[in-house]
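Numbering (our numbering), first residue to last: 22 to 201.
Quick look at the structure:
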């Protein structure tokens, strides 16, 4: 993508993906603005180099997430956190695309994945919110709340507020404080 600041317009760029033909479900940019990670419907991740818009690799190595990848979070150094259609969240080492850890959440598909400064938060379609420290194994994820009555469509931590986030559902918006 090319930004023309004078005209205030974005120009799209086609990426060369070698022999890979995929439907892209989600996209995220790493913290250094060097790599784009694309979660696919087939359950793998394509890494694109920002500077050249060129394909770098596909991963994770020897692992496919059946049902596809719904979201990717690249907020922690050298770690990708992914959520899947089957209610799983997983960690992948970004520099090597090696699968590290995975946990299946009990409340259905993960609809939103976000983070604070130290924690990963995942929200399921049933309205259960799970949290885990980014440095811990994902199996340590605990259910934070299940008091959401309508299906939640998104969750967001505002910039600069690591302990406050907003949830949006069909009929309401809720603001949460998750300070320990």
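The beta-carbon is built from N, C-alpha and C at its ideal position, and this holds for glycine as well.
Task: Cutoff 7 angstroms; reference residue 71; Cβ partners in own chain excluding five residues on either side - done: 54, 55, 56, 57
- [ ] Using alpha carbons as the reference points, say which of 160, 141, 146 lies closest to residue 154.
- [x] 141
Open item on the list: For residue 39 and residue 107, I'd like the C-alpha separation in whole angstroms.
Closed with: 28 angstroms
Open item on the list: Restricting to Cα atoms, I'd like to know which of 73, 198, 64, 92 is closest to residue 79.
Closed with: 64
TODO: Can you say whether residue 148 is buried or exposed, counting buried as having 16 or more other CB atoms within 10 angstroms of its CB?
DONE: buried
- [ ] Report yes if the CB atom of residue 104 is closer than 7 angstroms to the CB atom of residue 160, and no otherwise.
- [x] no
- [ ] Output yes or no for whether 7 angstroms exceeds the beta carbon distance between residue 84 and residue 44.
- [x] no
Task: Beta-carbon proximity check, residue 111 vs residue 129, cutoff 7 angstroms - done: no
Task: Limits of the unbroken beta strand (DSSP E) element including residue 195 - done: 194 to 198
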